[in-house]
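What follows is a set of notes on a single structure, which appears directly below.
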Amino acid sequence: MHPRQVQSLLKVVELGSVNRAAEELYLAPSSISAQLKELSSTLGVELFETVGRGIVLSPSGRELLPLLQQLHNLVGDIYQQAQSITTKPVGVLKLFAPSSMCIYRMPSLIEQLQTLAPQLEIHLTHEPFDYQRALLQADIDAAIVVSESVSSEWQAQQWHKENVVYVCHPKRHQAQTLSLIQLLEQPIITTEVGCTYRVRAEQHFKAHDLTLKPRQAFANVEVIKRCLFANMGIGLLPFCVVAEDVAEGRLALQAVEGAPYAFASWLIYPKNRCLLPKLQVLLECVQRDHANDQ
1 MHPRQVQSLL KVVELGSVNR AAEELYLAPS SISAQLKELS STLGVELFET
51 VGRGIVLSPS GRELLPLLQQ LHNLVGDIYQ QAQSITTKPV GVLKLFAPSS
101 MCIYRMPSLI EQLQTLAPQL EIHLTHEPFD YQRALLQADI DAAIVVSESV
151 SSEWQAQQWH KENVVYVCHP KRHQAQTLSL IQLLEQPIIT TEVGCTYRVR
201 AEQHFKAHDL TLKPRQAFAN VEVIKRCLFA NMGIGLLPFC VVAEDVAEGR
251 LALQAVEGAP YAFASWLIYP KNRCLLPKLQ VLLECVQRDH ANDQ
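In structure tokens:
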């Protein structure tokens, strides 16, 4: 059984097509098919079955898939550990972070990494992206997430406190603390449906038998800020996104009963993942920032 065979199988499962997997791996479709046949022969079971013009995992293939994924991850860890045998962080560090963190938190972290690990190349991606699947398949090394808590399935290190606040143009700002009913009298601008910030606000309103009805909703925090600069309403954003604008008077924090909402940014990675030097140096930077944030 060769690691390339397992990689080909996982890519076919991911993309649902031998041809698409071949394009992704820069191989001929016939090579992929031959590898799958060899792997089935080695294991003594049929891993795929034909459905129409395509193929899908057989029951045996579905049963073996988690173990094959673990093997693929382990092979990747071995290669990376071999490259890092001098304990120096080298290679490529592949990370995910939400767009707000990419813009307002990651630059300082990347600067630290460039200083401590100059041979480390950083690849950063943001949403829309299935980071949980990518973590489990070792397509990325770690992820930055913003939430109130983290699932126990991940190894997690808190990074920063990320209070989510209501904010507006200074001309719209009201000195008194607004009730939720008073807040609903204003045009509210939030992130998209399903965003953790918005879900938390919706829960807040629901607890008071009210419904959050945003006037506008955008996936990009920069679009929300532009609307606030134009005095189009009251926005819901992580404080780090507006901290500089509030300090310089371009925006103002609007006090609302029951807010701000307490969140945190976290570094997460699979519990069974080998802590390679490149991940270790990232963890140390995050731990240092967390200590300074207290």
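All residue numbers for the sequence shown refer to the numbering used here, where the first residue is 1 and numbers rise by one. Note that CB positions come from ideal geometry on N, CA and C, so glycine has one too. These numbers were taken from a predicted model, which means no experiment stands behind them.
Beta-carbon gap between residue i and residue j smaller than 8 Å
i, j, result
"residue 211", "residue 218", "no"
"residue 110", "residue 267", "no"
"residue 130", "residue 95", "no"
"residue 255", "residue 246", "no"
"residue 67", "residue 57", "no"
"residue 164", "residue 260", "yes"
"residue 40", "residue 46", "yes"
"residue 321", "residue 138", "This structure does not reach residue 321, given that the chain is present from 1 up to 294, and the question cannot be answered."
"residue 117", "residue 281", "yes"
"residue 98", "residue 120", "no"
"residue 43", "residue 157", "no"
"residue 286", "residue 154", "no"
"residue 296", "residue 208", "Here the chain has residues from 1 to 294 only, and residue 296 is not among them."
"residue 52", "residue 278", "no"
"residue 293", "residue 161", "yes"
"residue 228", "residue 169", "yes"
"residue 5", "residue 35", "yes"
"residue 28", "residue 8", "no"
"residue 93", "residue 55", "no"
"residue 178", "residue 257", "yes"
"residue 10", "residue 24", "no"
In DSSP terms, what residue i is bridged to
i, result
"residue 49", "56"
"residue 3", "For residue 3, which the question treats as bridged, DSSP gives no partner whatsoever."
"residue 161", "264"
"residue 269", "155"
"residue 168", "252"
"residue 32", "In the DSSP output, where bridge partners are listed per residue, residue 32 has none listed."
"residue 234", "188"
"residue 216", "189"
Limits of the unbroken alpha helix (DSSP H) element including residue i
i, result
"residue 261", "Run containing residue 261: none; DSSP gives neither H nor E here."
"residue 199", "196 to 207"
"residue 135", "131 to 136"
"residue 241", "239 to 247"
"residue 105", "No alpha helix (DSSP H) contains residue 105, which DSSP labels as neither H nor E."
"residue 304", "Here the chain comprises residues numbered 1 to 294, so residue 304 is not present and cannot be evaluated."
"residue 227", "221 to 229"
"residue 182", "180 to 184"
Where the beta strand (DSSP E) through residue i begins and ends
i, result
"residue 291", "Segment 277 to 293 is the alpha helix (DSSP H) holding residue 291; no beta strand (DSSP E) there."
"residue 144", "142 to 147"
"residue 125", "120 to 125"
"residue 94", "91 to 96"
"residue 190", "188 to 190"
Using 8 Å as the Cβ pair cut-off and three pairs as the minimum, do the region 99 to 108 and the region 230 to 248 touch? yes
Do the region 145 to 152 and the region 272 to 286 meet, that is, are 3 or more Cβ pairs less than 8 Å apart? no
Contact the region 185 to 193 vs the region 226 to 234: 3+ CB pairs below 8 Å: yes
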